[in-house]
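Position one of the sequence shown corresponds to residue -14 (our numbering), numbered consecutively onward. Glycine is no exception: its CB is placed at the ideal position from the N, C-alpha and C atoms.
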Amino acid sequence: MKIETKICKFEKMGIGLFVHWGLYSKFAKGEWSQNILNIPTYQAAFNEFNPKEENIRSLVRLAKKCGFKYIVLTAKHHDGFYLFDTKNINNFDSVHTPFHKDVIRIFTDECHRQKIAPFIYYATYDWNNAKYRDDFNGYLAEMRQLIKLLCTNYGEIGGFWFDGNWDKPHADWQEDLLYQEIRQLQPNAIITNNTGLEKQGVTEGREVDVLTFERGNPTAIKHVQNQRYLAAETSLTLNKHWGNAQNDLNYLSGHQLIEQICRTRKVGANLLINVGPEFDGSLNIHCRSLIELVGQWMAINHEAIYHTNNYEHSTYSTISNDHDFIKGNYLFVDDLGNIGNSNVVLGGEQARELVFTNFAKQKIDHIAWLDNQKPLAFKQDQAANTLKIAADGFEYGTNLVERVAKIYY
-14 MKIETKICKF EKMGIGLFVH WGLYSKFAKG EWSQNILNIP TYQAAFNEFN PKEENIRSLV
46 RLAKKCGFKY IVLTAKHHDG FYLFDTKNIN NFDSVHTPFH KDVIRIFTDE CHRQKIAPFI
106 YYATYDWNNA KYRDDFNGYL AEMRQLIKLL CTNYGEIGGF WFDGNWDKPH ADWQEDLLYQ
166 EIRQLQPNAI ITNNTGLEKQ GVTEGREVDV LTFERGNPTA IKHVQNQRYL AAETSLTLNK
226 HWGNAQNDLN YLSGHQLIEQ ICRTRKVGAN LLINVGPEFD GSLNIHCRSL IELVGQWMAI
286 NHEAIYHTNN YEHSTYSTIS NDHDFIKGNY LFVDDLGNIG NSNVVLGGEQ ARELVFTNFA
346 KQKIDHIAWL DNQKPLAFKQ DQAANTLKIA ADGFEYGTNL VERVAKIYY
């Protein structure tokens, strides 16, 4: 089946940064705090929104430095606050705050400068706009006007990430009109419409480009639906909230995050890693440290993430462990120990034998680790389609969680 060029390009991006930022960031209780906690002073945050412009630019530069290929920023979340100039369609926007600036303009300009793709998150479910409740068709017409502004005023947009149709599952969202205009004005933009926690990996008949797995960890993905090949994307939060939540200390470990990057690529999806900036646009120390840790791992292993898109590359798992696998020209090995004194490294000096069956590929010339370029011993039986690899542990002083080697044919 033929794959669209933009979908193939999106698959090769590998990892993206999700940014949930808005008025809710002031209260540091999560992105749904207005709805769930009914904060009486929520609207007052509008009169206090005055972030540092440099923080917005700095976040883009951080993503670029750490190996992310795209950034999805919440242009509007469910609270109805717009981070862009709505041209007086709705004055609940950033240009009418003390900031007086168009956040999306600053964001997209810096993305274009850094050569990283800007994606626009837009919540279709709205708690603030009375039309959503009382004049739904009018609300949809207004939404299309706003999306047209985003399509025409900010240069090339990498994609649109919609979220909220699940609130009215039986309503006519007139998606064809919306998507038609996007495809006309931004023909290379990826269209995503989040199907939510309860319906992961399905299109529901929508003419979208990406299957979503919100907080998901799929073991298999059905990429062909409605006679089209679709990309896939899983998303995760660093703690238990998408938006800034000061008292949520339940953060992922670096180990969990690196494993998730590799396992997501194995099943043929991109990984969208979320951060929730502070009200001034800065990242707290926990978020920044984890993103920088991803960057440290990507600096060594980036080619294995960018060059293992699902459409072009087959996957082979070992017979004993699903977490050790080959995808494309890369071998991923999970949880190796360290080589060293047995009293210190607890047996990590022992090499692990990886056995692959049904490995129907051409003759391998050599295999080398990406972290130190040292070769791995292997035996390949082409007649039997088997491959055995001796995966030795990390040298003392290094442990990258997931060790990656390149296979040369």
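**Report entry** Beta carbon of Leu2 nearer than 7 Å to that of Ile56
**Finding:** yes
Report task. Determine the DSSP secondary structure at Tyr291, reduced to helix, strand or coil. Result -> helix
Requested in this report: Let me know the secondary structure DSSP gives Glu160 once reduced to three states.
Outcome: helix
Query raised in the report: Does the distance from the CB of Cys272 to the CB of Leu237 come in under 7 Å?
Result: no
Query raised in the report: Using CA coordinates, which residue listed in Phe(-5), Ser10, Leu221 and Ala376 is at the minimum distance from Gln231?
Result: Ser10
Query raised in the report: Cβ atoms of Asn113 and Gly65: under 7 Å apart, would you say?
Result: yes
**Report entry** Top-ranked residue by Cα proximity to Asn179, from Pro172, Val187 and Asn173
**Finding:** Val187
Query raised in the report: When DSSP builds the beta bridges, which residues end up paired with Ile0?
Result: Leu256
Query - Given Lys100 as reference, the closest of Asn150, Lys49, Tyr106 and Ala108 once Cα atoms are compared - result: Lys49
Report task. For Ile402, count neighbouring Cβ atoms within 10 angstroms of its own Cβ and tell me buried if that reaches 16, exposed if not. Result -> Past the boundaries of the shown model lies residue 402; the chain is included only from -14 to 394, so the question cannot be answered.
Query raised in the report: Quick one: is Asn32 buried, meaning 16 or more other Cβ sit within 10 Å of its Cβ, or exposed?
Result: exposed
Report task. Could you spell out the range, first to last residue, of the alpha helix (DSSP H) harbouring Tyr124? Result -> Phe121 to Thr137
Query raised in the report: What does a CB cutoff of less than 8 Å around Ile349 pick up in its chain, not counting 5 residues either side in sequence?
Result: If you ignore the 5 residues before and after Ile349, its C-beta comes within less than 8 Å of the C-beta of Phe363, Gln365, Leu372, Ile392, Tyr393 and Tyr394, all in its own chain and listed in chain order.
Query raised in the report: Is there at least one Cβ from chain D nearer than 7 Å to Lys207's Cβ?
Result: Although the question refers to chain D, the structure presented lacks it and comprises just one protein chain.
Query raised in the report: Exposed or buried, Lys(-13), counting other C-beta atoms within 10 Å across all chains shown (16 or more means buried)?
Result: Per the 10 Å Cβ criterion, exposed.
Query - Contacts around Phe264, its chain only, beta-carbon distance under 6 Å, and the 5 residues preceding and following it disregarded - result: Cβ neighbours of Phe264 beyond the five flanking positions: Ser10 and Lys11.
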